[in-house]
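Counting along the sequence shown from 1, when you hit position 170 you're at 172 in my numbering, and nothing is skipped either side.
Note that beta-carbon positions come from the ideal geometry of N, C-alpha and C, so glycine has one too.
See structure below.
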Amino acid sequence: MFNDIDSIKNLFREEIEKADNLKYLQELKIKYLGKKGVITGKIKSLGTIPPNERREYGQQVNDAKKYIEEIIDVHEKALRTSELNKTLQTQRIDVTVPGHYTPAGHLHPTTQVLNEIIRVFTSLGFHVEQGPEVELDFYNFEALNMPKDHPARDMQDTFYISDDVVLRTHTSSVQVRVMENNSPPLRVIAPGKVYRCDADVTHIPMFHQLEGFMVDKHITMGDLKGVLQVFIHMVFGPATKLRLRPSFFPFTEPSAEIDISCVICKGSGCSVCKNTGWLEILGAGMINPRVFEMAGYDPEFYTGFAFGMGIERVAMLKYGIDDIRLFYENDKKFLEQF
Ligand code: DAH
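Following this line, the structure appears as structure tokens:
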């Protein structure tokens with residue numbers, strides 16, 4: 003027995019009793035086992051021990067070292083566990099607290115309906131063309147068989163930029179632009195914004211249209227009806243009926259107004275269809291030979307059909323919306339429904 007080693011162990015036992023946190027335990031570890039620690043000191047001083055006692059003394063120092071290491075180890079584990087438990091208690095996550103709501107936007111209903119219509123026509127082989135919104139009077143009117151002072155111009159309340167430049171009143175303006183630069187056969191749709199100086203429950207100064215036209219040899223009214231029937235069945239459902247009603251547009255001859263059976267009452271008569279069972283959806287017809295002449299096509303050789311629809315109007319019929327202004331008031335309660 004060596005007294006100094008014994009008293010080191012005794013002192014250590016007293017001190018370890020007080021170890022109630024990891025910081026203090028670390029200090030103890032350094033005090034006894036560190037580079038300048040008590041036990042390390044004893045190991046270094048082995049040389050000063052008389053040779054006959056050295057072996058025995060060395061053994062005791064080593065035992066004391068192991069003893070201290072083991073006890074520190076046990077305490078460290080226990081303290082780590084209890085500190086972890088404490089953290090888990092105080093920083094507990096309440097999974098029942100409502101989360102943070104990040105509102106996500108979506109495409110505007112007009113864009114959704116426009117995209118749907120574009121998908122239908124591209125699946126039928128039509129491709130998309132675009133024209134300018136600030137348009138020459140020539141493409142908006144003259145090339146469509148509406149010379150200056152033609153009474154049909156009154157049907158469209160036009161924003162004039164100058165005598166020769168307008169905000170396009172319809173996407174029909176794209177027809178002659180495309181024909182000038184391409185030869186038949188043509189299968190084209192032209193979606194986009196149009197402008198009219200008009201505002202009430204069914205009219206706004208800026209709205210969207212989609213023009214479509216097909217030009218080739220031997221195109222007939224039957225092709226027009228077939229293409230529009232596919233479109234109407236895909237957008238409004240396969241039970242929707244369609245009818246052609248004689249009408250007038252300067253750029254088509256003959257011209258027709260296309261009606262669909264009422265989406266609300268299915269044709270039996272209600273307030274939406276004013277008891278007629280039908281809703282007007284678009285204008286169409288066979289392209290007037292005068293338009294072909296303007297575009298440099300030979301009307302003896304080519305025929306074609308054209309149609310034009312208002313996108314907001316299609317959306318209103320599809321969703322039963324009765325005021326077109328709702329689309330652009332940015333009322334989230336309205337927009338979130340789509
Ligand atoms: N451009 C016409 C309008 O805005 C709609 C229209 C009618 C387009 C008949 C056509 C058509 O291509 O054949 O009122």
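The ligand DAH never approaches G194 closely enough for any of its heavy atoms to be under 8 Å from the residue's Cβ. Rounded to the nearest whole angstrom, the CA to CA distance from V316 to T112 is 9 Å. Sequence-distant Cβ neighbours of H210 in its own chain, meaning closer than 8 Å and more than five residues away, are T112, L116, P193, G194, K195, V196, G312, I313, E314.
For K68, there are no CB contacts under 7 Å within the same chain when 5 residues up- and downstream are skipped. Annotated as proximal: I18 and I73, with beta-carbon spacing under 9 Å. At a cut-off of 4 residues, the continuous stretches assigned as alpha helix (DSSP H) that sit fully inside the stretch 175-199 are 176-183.
Three or more pairs of CB atoms, one per stretch, sit closer than 8 Å, so the stretch 176-190 contacts the stretch 137-154.
Secondary structure of F143 (DSSP, three-state): coil. Separation of I326 and I120 (C-alpha to C-alpha, rounded to the nearest whole angstrom) is 21 Å.
Counting along the chain, R245 sits inside no alpha helix (DSSP H); it lies in the beta strand (DSSP E) bounded by residues 244-251. For Y26, the three-state secondary structure derived from DSSP is helix. Counting along the chain, E282 sits inside the beta strand (DSSP E) bounded by residues 280-289. For T305, there is no enclosing alpha helix (DSSP H); the residue is part of the beta strand (DSSP E) that begins and ends at 305-312.
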